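> Numbering (our numbering), first residue to last: 997 to 1982.
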Amino acid sequence: MSLFKARDWWSAALGEGEEFDQGCLCVGDVDNSGTGHDKIVVGSYMGMLRIFSPNANKLSDGGTADAQLLEVQLQNAIIQVEVGKFVSCSDLLHLAVLHPRKLSVYSVTGTSGNVEHGDQYQLKLMYEHNLQRTACNMTYGTFGGVTGHHSLCIQSMDGMLMFFEQDSYSFGRFLPGFLLPGPLAYNPRTDSFLTVSSARQLEGYKYETLAIATDAESRQDSDLLPKTGGKRLTPDWTFVLGEQALDISVPSFSHSSSSVMVLGERNLFCLRDNGQIRFMKKLEFNPSCFLPYISVKDGTTNLLLGNHNNMLLVYQDVTLKWAAQLPFVPVAVRVANLPELKGVVVSLSSDGHFLCSYMGTDPSFFSTPKVDAREADYEQIDAEMKKLQKFIREATRTQDILPKSDAVDDLSVKATVSSCLDTPSQALIQDIDGLPVPSVTVQVKVKTNSVLQSAKLSICVQPPLAVTQDQFVLEPMGVGSTKEVAFSAFLNGQYLPADLTGDIVVSYSSPTGVPRVLQSRFSLPLALVCLPSSPAKNTKFKVTVDTNQPPVDLCAIFREFSMKTEDKDGNSLAFQFLSGAKVTVLASKTSQRYRIQSDSFEDMWLVVKELVQRFDQHFSKLGIKDFKKSFSGPMPLQEYFLSVDNHFQLRVSAQQYQDLLSERAVQFRAIQRRLLTRFKDKTPAPLQNLDKLLDATYNQVIALAEAAEENWALLEQAFVRLRSSTHLLVLLLSLWQGLTPDQTAILEATLLPLLQDTPQLGWEESCDAAVSHLLRSCLSRSPKDQATSLAQAGGPVLGLPQDTTRLKKHIALLCDRIGKGGRLTLASEANVQIPAQIQNLAAPGGVEPIAEVSGDGEDLEHSQEITKFIKKKPSKKVKKEKEKKEVSREPSEADVKEEAGVPEETLKEVKREKKEPSKDKKESKKDSSKEPKEPKDDTKKKESSSSKEKKEKKEKEGKESGDKKVSRKSSLKVKEKKKDPEAREG
997 MSLFKARDWW SAALGEGEEF DQGCLCVGDV DNSGTGHDKI VVGSYMGMLR
1047 IFSPNANKLS DGGTADAQLL EVQLQNAIIQ VEVGKFVSCS DLLHLAVLHP
1097 RKLSVYSVTG TSGNVEHGDQ YQLKLMYEHN LQRTACNMTY GTFGGVTGHH
1147 SLCIQSMDGM LMFFEQDSYS FGRFLPGFLL PGPLAYNPRT DSFLTVSSAR
1197 QLEGYKYETL AIATDAESRQ DSDLLPKTGG KRLTPDWTFV LGEQALDISV
1247 PSFSHSSSSV MVLGERNLFC LRDNGQIRFM KKLEFNPSCF LPYISVKDGT
1297 TNLLLGNHNN MLLVYQDVTL KWAAQLPFVP VAVRVANLPE LKGVVVSLSS
1347 DGHFLCSYMG TDPSFFSTPK VDAREADYEQ IDAEMKKLQK FIREATRTQD
1397 ILPKSDAVDD LSVKATVSSC LDTPSQALIQ DIDGLPVPSV TVQVKVKTNS
1447 VLQSAKLSIC VQPPLAVTQD QFVLEPMGVG STKEVAFSAF LNGQYLPADL
1497 TGDIVVSYSS PTGVPRVLQS RFSLPLALVC LPSSPAKNTK FKVTVDTNQP
1547 PVDLCAIFRE FSMKTEDKDG NSLAFQFLSG AKVTVLASKT SQRYRIQSDS
1597 FEDMWLVVKE LVQRFDQHFS KLGIKDFKKS FSGPMPLQEY FLSVDNHFQL
1647 RVSAQQYQDL LSERAVQFRA IQRRLLTRFK DKTPAPLQNL DKLLDATYNQ
1697 VIALAEAAEE NWALLEQAFV RLRSSTHLLV LLLSLWQGLT PDQTAILEAT
1747 LLPLLQDTPQ LGWEESCDAA VSHLLRSCLS RSPKDQATSL AQAGGPVLGL
1797 PQDTTRLKKH IALLCDRIGK GGRLTLASEA NVQIPAQIQN LAAPGGVEPI
1847 AEVSGDGEDL EHSQEITKFI KKKPSKKVKK EKEKKEVSRE PSEADVKEEA
1897 GVPEETLKEV KREKKEPSKD KKESKKDSSK EPKEPKDDTK KKESSSSKEK
1947 KEKKEKEGKE SGDKKVSRKS SLKVKEKKKD PEAREG
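1) Using 10 angstroms around the beta-carbon of V1640, count the other beta-carbons present and answer buried if the total reaches 16, otherwise exposed.
2) Three-state secondary structure (DSSP) at T1234?
3) Please classify W1005: does DSSP put it in a helix, a strand, or coil?
4) In whole angstroms, what is the alpha-carbon distance linking L1010 and L1267?
5) Classify D1427: buried if its beta carbon has 16 or more other beta carbons within 10 angstroms, exposed otherwise.
6) Does the region 1501 to 1517 touch the region 1439 to 1458, meaning 3 or more C-beta pairs lie closer than 8 Å?
7) With distance defined between alpha-carbon atoms, name the residue in H1090, K1035, A1699 nearest to L1065.
8) Using a Cβ-Cβ cutoff of less than 6 Å, which residues in the same chain neighbour G1302 once the five nearest sequence positions on both sides are dropped?
9) What residue does the beta strand (DSSP E) around V1038 start on, and which one ends it?
10) Specify, as a first and last residue, the run of the beta strand (DSSP E) that I1667 falls within.
11) Specify, as a first and last residue, the run of the alpha helix (DSSP H) that A1766 falls within.
12) Are the beta-carbon atoms belonging to N1305 and N1282 less than 9 Å from one another?
13) Between D1154, N1298, L1417, V1342, which lies nearest to C1020 when the distance is taken from Cα to Cα?
14) Cβ atoms of F1644 and D1429: under 9 Å apart, would you say?
15) What is the DSSP secondary structure of K2040, counted as helix, strand or coil?
16) Apply the 10 Å Cβ neighbour rule to D1612 and answer buried if 16 or more other Cβ atoms are within range, or exposed otherwise.
17) To which residues of the same chain is S1626 closer than 6 Å at the C-beta, ignoring the five residues directly before and after it?
18) Could you tell me which whole beta strand (DSSP E) segments of length 3 or greater appear in the region 1533 to 1580?
19) Taking the alpha carbon of D1764 as the point to measure from, which residue in T1801, P1528, R1777, T1580 has its own alpha carbon closest?
20) Quick check: the Cα distance between A1485 and A1462, rounded to an integer number of angstroms?
21) Cβ atoms of R1819 and Q1739: under 9 Å apart, would you say?
22) From this set, L1091, R1555, G1271, which residue's C-alpha is nearest E1199's C-alpha?
23) What residue from T1464, G1474, L1618 has the CA that sits closest to T1444's CA?
24) Should T1580 go down as buried or exposed, given a rule of 16 or more other Cβ atoms within 10 Å for buried?
25) For a cutoff of 9 Å on Cβ pairs, would you count F1468 as touching chain D?
26) Nearest to P1013 by alpha carbon, out of M1042, G1168, L1259, K1001?
27) Is there contact here, the region 1539 to 1556 with the region 1489 to 1499, by at least three beta-carbon pairs under 8 Å?
28) Which residue from K1278, V1079, T1412, C1085 puts its Cα closest to that of S1103?
29) For F1160 versus L1206, is the C-beta spacing smaller than 9 Å?
30) Please report the distance separating the alpha-carbon of L1514 from that of V1409.
31) Among S1248, W1708, L1470, whose alpha-carbon lies nearest the alpha-carbon of L1646?
32) Is it the case that the Cβ atoms of L1729 and L1602 are separated by a distance below 9 Å?
33) Distance, Cα to Cα, N1133 vs M1044?
34) If you count every other CB in all the chains shown that lies within 10 Å of the CB of Q1151, and 16 or more means buried, which is it?
35) Starting from D1738 and walking both ways along the alpha helix (DSSP H), at which residues does that stretch end?
36) Would a C-beta distance cut-off of 9 Å place E1598 and S1721 closer than the cut-off?
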């Protein structure tokens, strides 16, 4: 991250095989020398206590021995060391050492020496406390606002806070909801203790709250406090961190900035004293330790942050100010004032590397030598300039999104499919409907051009195809070494796959440690899923492919099937798939046409694809470059929509099963709760057949779950068949209009946006959104419509539609516009110039998304005209004809749709407008015949009362004349039918 390194001022290696942690380092004037210089105290898990006083004068002569004041081997491991006023009636600083089962307080004194060996230092025990519980960490401070001396608080491994006031034990409290101990800190400004619980939240407990809580000898006692009259301990405030904390620090060097710093595993938090967040910094590395220190700028806090990348970073709040490289990963860092140098950064590693450093750069004394002035060669400079310009032009001409790969790859993968089927077969299913299931061997050859330590090879095939082994772990390979693996592929289901290709993925790490992935693809033979058979004459579905070359012998094209076929002329060939469907290929003797026919539409896809590919290979071998193939027949949309409807119905069934399962699960849990309440009751009550209801509900849940699993298996099969049908439709569209490979890829990505269905997102809504986008963009009728669609915001959230009518109309419209010369391209969107008025509408709140209609743009205009016509007030003649129709029969919604051709959305809008008028108009409607409501218009509000009375008279006269022409029997029917819509409206 930075070229700067921490400058080594003094360093030492502390023992061999010792371990250290963040609590094993502290600084302070532990010997009370009064000079203001700090001593460095280091304790280890091996029980070794060391005190150092590095000095610039001792760096070159004495080394570590002269800087070390004291070294004592204690009996127990040292967890944490702190310097403070821990002895009563004394203002001197003492050293507190925390052991797993003991707390010891020492005084460090120095005696001036009379010889050149220097001063002598002694460690004297003042007092100690034997702990009943294993300690984890500790903190100190002026608990309760007492000044002049410091008290100690120790957190045990089982969640108890033990308070010590000098040489006496005060009390102990268990933390609520404790699981594992976290960092502990004391905030003197609020007289509270801060820790991070196992719930990954920062909790604050005031000393007063801890003191007044009832004492408990064990965790069980603390849980029983409410029953015995005690007060349960609860935190004063909490803040959810969402991660475990490494350390907590409460800076107390400035009264203006009241902050609490928390170092998490991936974030740095700064909070106020009341638990409100000030800021949060997301770290791009794994931190190891941190230390806030005083800042020269008011209102900010400086921060030293060490990470596992051997870096020491300096932050001012959230701004990175400096970065220095360390020779190790620091577990503890402090700032000390040492003789002749203030602000030394003291860092300690887990294995005992101890470093006193400062930040900056050493001055460079190198000066460049003077060179003799020489005249410039302008011809050479001009030639070099032209060469560089040529490089620049080539670089700007080819602007690739992805970087170009190296000339020599680290790895090369080659897959070879055997030309013969395996004998015996390696398939898991030996036969399907009496037909043997074959398998084929695929050999993969991996060759390396560099050293590879760990590489994994994965095989992926389309369902229901399967392989004998899909994962391979490659051993370490040297330069130029080769590794070969083999596996067998076979059909493992009762239906056909949508594709016979497979993928090989090799994941490895380059010699520099960069992870890389290499992909390769192989194609399985058609003989893996079908066998030769006799041709079928009468079939349901037929597809005809035209060519511009003379007919070809089908036996020469499909040589592996020609040995067992009955037709020796080569005009017909039949494929019997293992799933049961049969596909027949017929070649015309006179014309240049080939017919593919079968009883299953989706099963023709593999044969049509294989036929087109083998035609291309056959004529390319003959050297014919103008070979063309086409499809002239009508697009088989109705056959394709059968697969769409089948898939959609299974998705609806899956949703229904899910809803039923949810209902039965809720019922099952409710019955369980009832039974549990009955069983817990001290006075037994009759079960009232709840046990039988529980068994019945359980059986329903099991039956629904099995039915849902069976439906999901059918849904997977239906989606594979839908993929096959879609692939066939895309191929026929490309042959029909002669689409380029890029246009075919766009069309395939539009009709197949998903490789598999998920409960959240299915094929129908994804395909509808993609097709609608093409209809609005590159296949739109005018650039204005295209610009408007580009300026609109996104549509609603995709979800399972009510039916497939809308999707079918969009797909049919897509095929129609492609057939009329529509050009599939993604670059057209960038070339469309959005008009200024459209840009203004595209501002926030400027335009609303256009409602989707079931038909084309003409349907939208037609529906708008009909909506206007419905809103107009009808004449007398229209009223009379309408009344006659009401007498004869009651029209249904389907009749209205057929007569008017109005889309469903428009009818819903009209019905909604009919329900909105006021109660006065509803009452007038009961008196009069069924007439369309008059919309509330400004012009109609301004009509005079006289004109309204005239209209009402005319309406009554028209009604009376209409009633006279109706017989008594029919008039009774009219009255009954008048009541029905009123009941529906009510």
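Think of the CB as a built atom: it goes at the ideal place given N, C-alpha and C, for glycine as much as any other residue.
Just so it is clear, the structure is predicted and the values come from calculations on it, not from any experiment.
Reading off the structure:
1) Taking all protein chains shown into account, V1640 has 16 or more neighbouring C-beta atoms within 10 Å of its C-beta and is therefore buried.
2) Strand at T1234.
3) When secondary structure is reduced to three states using DSSP, W1005 falls in the strand class.
4) If you draw a straight line from the Cα of L1010 to the Cα of L1267, it comes to about 36 Å.
5) Exposed, because fewer than 16 other Cβ atoms sit within 10 Å of the Cβ of D1427.
6) By the C-beta criterion, the region 1439 to 1458 is judged to be in contact with the region 1501 to 1517, since at least 3 inter-stretch pairs fall below 8 Å.
7) Checking every option, the nearest Cα to that of L1065 belongs to K1035.
8) Excluding residues within five positions, the ones whose Cβ falls inside 6 Å are S1284, C1285, L1308, P1326, V1329.
9) Bounds of the beta strand (DSSP E) holding V1038 are 1035 to 1039.
10) No beta strand (DSSP E) holds I1667; the alpha helix (DSSP H) holding it covers 1633 to 1676.
11) 1759 to 1772 is the span of the alpha helix (DSSP H), which, as asked, contains A1766.
12) Yes, Cβ-Cβ distance for N1305 and N1282 is below 9 Å.
13) The option with the nearest alpha carbon to C1020 is V1342.
14) Taking a C-beta distance under 9 Å as the contact criterion, D1429 and F1644 do not qualify as a contact pair.
15) Here the chain has residues from 997 to 1982 only, and residue 2040 is not among them.
16) When all chains shown are included, D1612 counts as exposed.
17) Take S1626, set aside five residues on each side of it, and the residues of its chain with a beta-carbon closer than 6 Å to its own are D1542, L1731, in chain order.
18) Taking only runs of at least 3 residues, the beta strand (DSSP E) segments lying wholly in the region 1533 to 1580 are 1537 to 1543, 1568 to 1573.
19) Checking every option, the nearest Cα to that of D1764 belongs to T1801.
20) Distance from the CA of A1485 to the CA of A1462, rounded to the nearest whole angstrom, comes to 6 Å.
21) Cβ distance < 9 Å, so Q1739 and R1819 count as in contact.
22) Residue G1271 is the option with its Cα nearest to E1199.
23) Considering only alpha carbons, the answer is G1474.
24) With 16 or more Cβ atoms within 10 Å of its Cβ, T1580 is classed as buried.
25) The structure shown contains no chain D, having only a single protein chain.
26) As written in the sequence, residue 1013 is Gly, which differs from the Pro given in the question. Taking only the C-alpha atoms, the option nearest G1013 is M1042.
27) A contact is defined here as three or more CB-CB pairs under 8 Å, and the region 1539 to 1556 fails this definition with respect to the region 1489 to 1499.
28) Comparing alpha carbon positions, the residue from K1278, V1079, T1412, C1085 closest to S1103 is V1079.
29) For F1160 and L1206, no; Cβs fall outside 9 Å.
30) Here the alpha carbons of V1409 and L1514 stand approximately 8 Å from one another.
31) For the residues S1248, W1708, L1470, the minimum Cα distance to L1646 belongs to W1708.
32) Going by C-beta atoms, L1729 is not nearer than 9 Å to L1602.
33) Looking at the backbone, the Cα of N1133 and that of M1044 are separated by about 18 Å.
34) Classification for Q1151: buried.
35) Per DSSP, D1738 belongs to the alpha helix (DSSP H) from 1737 to 1747.
36) Yes, they are a contact pair.
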